[in-house]
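If you count the sequence shown from 1, you need to add 941 to reach the working numbering. Heads up, the beta-carbon is just placed ideally off N, CA and C, and yes, glycines get one too. First comes the structure, then the notes that go with it.
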Amino acid sequence: MSLNYQMDLRETNSKLPFESRVDCCSNSDQHDLYRPRSSHSIDELRKYMNKEHISKQDKDVSLDKLPFEIRLKIANQLSQFDCLSLLRTNRAMYSSTIPRLYQHIIVDQNYSQFNKEYSFRHYISIDDFNEYEDFSCSYIKSPYNFKRFLHHYIRLHQSLEDDTVNYNNFGPNVTYPYIRKIQCIDLPDSLNVYDYELNDNLSLFFGKLSHLKELIWLNDNFRLEYLEMLPNYQSITTLVLNIKFSNYLTELHSPSKIEYDSYNSHDSEGTTRSLKFPNIINFQIRPFQNSNRLVKIINSLLISCKPDIISDHLKILKLSRFDKDISVLVPPFQNLVTSSEVSELNELDLGTIQSLFVRSELKYLNSLSILSFNNCLLTPDDSQTLINSVNLANLKTLELKNISEYQRIKTVVSNPDELINHLQTSFIVKIAPYLSTLQHLCIDYRESLTDSVPKFLKSISSDRLKSLDLTIRYNQSKLKSFDNDINEFYSAYSNAIISKNKCETLIKLSIETKEENAFCDLSIPIPSNFFYEELSNCLNLRSLRINPSDINSSEKVIKLIGSLPKLTMLDVIGSHAGGAPHLGLEMVHPTVYVEWFGVQHAALLYLQYNKHLKYIRINKCVFECQGESLQVTPRDGIDRWFNERVRVGFNIDG
942 MSLNYQMDLR ETNSKLPFES RVDCCSNSDQ HDLYRPRSSH SIDELRKYMN KEHISKQDKD
1002 VSLDKLPFEI RLKIANQLSQ FDCLSLLRTN RAMYSSTIPR LYQHIIVDQN YSQFNKEYSF
1062 RHYISIDDFN EYEDFSCSYI KSPYNFKRFL HHYIRLHQSL EDDTVNYNNF GPNVTYPYIR
1122 KIQCIDLPDS LNVYDYELND NLSLFFGKLS HLKELIWLND NFRLEYLEML PNYQSITTLV
1182 LNIKFSNYLT ELHSPSKIEY DSYNSHDSEG TTRSLKFPNI INFQIRPFQN SNRLVKIINS
1242 LLISCKPDII SDHLKILKLS RFDKDISVLV PPFQNLVTSS EVSELNELDL GTIQSLFVRS
1302 ELKYLNSLSI LSFNNCLLTP DDSQTLINSV NLANLKTLEL KNISEYQRIK TVVSNPDELI
1362 NHLQTSFIVK IAPYLSTLQH LCIDYRESLT DSVPKFLKSI SSDRLKSLDL TIRYNQSKLK
1422 SFDNDINEFY SAYSNAIISK NKCETLIKLS IETKEENAFC DLSIPIPSNF FYEELSNCLN
1482 LRSLRINPSD INSSEKVIKL IGSLPKLTML DVIGSHAGGA PHLGLEMVHP TVYVEWFGVQ
1542 HAALLYLQYN KHLKYIRINK CVFECQGESL QVTPRDGIDR WFNERVRVGF NIDG
């Protein structure tokens, strides 16, 4: 089998573009991954065997003599570092290890091989019967390796195009080195994607992704022209994209592309090549900015062919108005309710739901399990449109992040104080009875004059709620609905959190309180006389995120943490999270983990009252805990992993 294994002498110093333990070595020639190696048996596997009972025939068995399929499975159980060592042994191990290195790529400049929380073992669902298979990944973090990765993959598929037949000769299950999933989580800062050479390589790279199933690109440098380069639209099942600088599909209609498509198209009516992804089930886009652009995105990317089939198969839909989560409040809460016929918010877009489900070609979403809206404006009338467009009874996850509800009072009201008596039933209250199987909820909902979130939490028909990510928003206008008593306001929330059987079902809980000012919000601590006694009844909680009062003056927080026997993840936020500042005396290295040493006394205090805790985060400082010895170890670089376990909606895959 020809694998282009023999390389020019000038190539002997080159390496595969993956992070390895030998990247820091000065003599890269010693670690050349393309140099031919002689075939030999692996003595390390034999030294543990009883030599007295090994037959002469058994001694001749070596790893590279195993069937190709078995060697593929072995490589899939190894980290990328072990694979880089294994493929250097000989030609046979090279051919069976390369597919594992390329099948799942993660680009993250913050990745560290020393953070055990980021496992290389991933699992993908085979079918609807919860059967999974291993899908190990490879990490890329440096600008050099990212560029080398593009170069090597392009060259690999240019030189090995004729070797596909040779791979297939090994059997039907043999894997050719294709990328099936790529996650660009955080590109290295030094990369300039608009550099001509790099942009050209990216275009060539996307043209080689013939077996790509999942494309996740969170950086804002993605261009939609890369999608047009994909050779196989039918294989795509997941699109998670940040299209901030993609000019919203206009680049797909450039004259050169129109000329190319007209020449190659068999459809005389078509002037451009449509982006058709008939098998897509996971669609996440940010930012869409306004309803007109949202319609174009949905029709051109999601529903460009077979709208009935795609709508019926779609399982995940996440839409964000802006490219980042911002704390700016637009509009201010004073403008969320009006009795004027002419709205003062003409520049704001109130048609998100209508554009998504009425103006676009999207049909009834029968199989949708995850729905997310971020930084959108909704109206009470939008609720019926959503009910008629989505099978809410099938919804498992609902995310309403920084959503503002706008109400226009149809009755003429002369006295502004009487507006509260003419408010319609809230959007969320209307959809609550239909959420019969909801398991994960993120709710950050803005209203004026009233607060419908407590009623919404009580009205949810589901008895399976496992995760609740709640943001309590307070402004002065809301007190009118609570007898001008702020204690009534917080009491309504604390009772709603434990309503029905939530005390038994909740395993993940995040509570954050914010006070809305003119154009921004401020994080405020949870009052010491609320929540803590109620939350102590949630005995199945495994993760908790709270914004407490000063820990030096309140024992209720400590008592709450000590009363939760299954709690393993604790996230404490706010200005009072770490208690009084600590000078960090007796530090061996004054500049290393200085922020961690300033709050580690608070982490030790929490661990003292609950030795089951495995991880504690004080604002941005994560500690790994050893309960038996009452020790906490500062950890850096695992915030993304930590957020996935204490928040709702932070899982990149859905």
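- Distance from the Cα of L1128 is smallest, within the candidate group N1160, N1140, L1364, for N1160.
- Taking C-beta atoms as the reference points, L1341 and K1256 fail to come closer than 8 angstroms.
- DSSP, reduced to helix, strand and coil, places E1155 within a strand of the structure shown.
- Per DSSP, the unbroken beta strand (DSSP E) holding N1315 starts and ends at 1311–1315.
- When DSSP states are grouped into helix, strand and coil, C1566 belongs to the strand group.
- Under DSSP, V1181 forms a beta bridge with I1157, Q1225.
- Taken in chain order, the complete alpha helix (DSSP H) segments of 4 residues or longer contained in the stretch 1400–1442 are 1427–1438.
- Cβ-Cβ separation between V1181 and N1223: approximately 7 angstroms, consistent with a contact (criterion under 8 angstroms).
- Ranked by Cα distance from K1154, the first of I1123, R1164, S1131 is I1123.
- For E1456, the enclosing beta strand (DSSP E) starts and ends at 1449–1457.
- Shown here, V1353 sits in coil according to DSSP, grouped into three states, outside any helix or strand.
- Every unbroken stretch of the alpha helix (DSSP H) spanning 4 or more residues and falling wholly within the stretch 1020–1071 is given here in chain order: 1021–1027, 1032–1043.
- Bounds of the alpha helix (DSSP H) holding E1475 are 1473–1476.
- Excluding sequence positions up to five before and after S1504, its CB lies within less than 7 angstroms of the CB of S1477, all in the same chain and listed in chain order.
- Your pair K1304 and S1252 checks out as a contact, with CB atoms roughly 4 angstroms apart and the cut at 8 angstroms.
- Restricting attention to D1049, P1219, F1061, the CA atom closest to the CA of I1157 is found in D1049.
- D1462 is bridged by DSSP to E1457.
- With respect to the 8 angstroms criterion, E1302 and P1248 are classified as neighbours on the basis of their beta carbons.
- Taking a cut-off of 8 angstroms on C-beta distances, the stretch 1074–1089 touches the stretch 1040–1047, as three or more cross pairs fall below it.
- The beta carbons of I1502 and Y1550 sit about 6 angstroms from each other, so the pair counts as a contact at 8 angstroms.
- Scanning the stretch 1332–1381 from its first residue to its last, the whole beta strand (DSSP E) runs of 3-plus residues come out as 1338–1346.
- When DSSP states are grouped into helix, strand and coil, S1232 belongs to the helix group.
- DSSP places Y1167 in the uninterrupted alpha helix (DSSP H) bounded by 1166–1170.
- Around S1418, the same chain offers F1274, S1389, L1390 as residues with beta carbons nearer than 7 angstroms, after the five sequence neighbours per side are excluded.
- Relative to P1395, the option among V1331, N1436, Q1054, E1138 whose CA is nearest is N1436.
- Counted as a single uninterrupted DSSP element, the stretch harbouring S1330 is not any beta strand (DSSP E) but the alpha helix (DSSP H) occupying residues 1323–1330.
- Burial is judged here by how many other beta carbons sit within 10 angstroms of a residue's own beta carbon; F1298 has at least 16 and is buried.
- Counting of Cβ neighbours within 10 angstroms places A1459 among the exposed residues, the total staying below 16.
- Note on N1488: 16 or more other CB atoms within 10 angstroms of its CB, so buried under the neighbour-count rule.
- Measuring C-alpha to C-alpha distances from T1179 to each of D1136, L1258, M1170, E1138 identifies L1258 as the nearest.
- Rounded to the nearest whole angstrom, the CA to CA distance from A1373 to S1440 is 14 angstroms.
- For S1296, same chain residues with a beta-carbon under 6 angstroms away, outside a window of 5 residues either side, are S1232, L1235, V1236 in chain order.
- In the three-state scheme derived from DSSP, where H, G and I count as helix and E and B as strand, D1253 is classed as helix.
- Contact between the stretch 1405–1417 and the stretch 1579–1590 is present, with at least three C-beta pairs closer than 8 angstroms.
- 8 angstroms or more divides the Cβ of H1092 from the Cβ of K1149.
- Take the alpha-carbon of V1573 and the one of K1555: they are about 9 angstroms apart.
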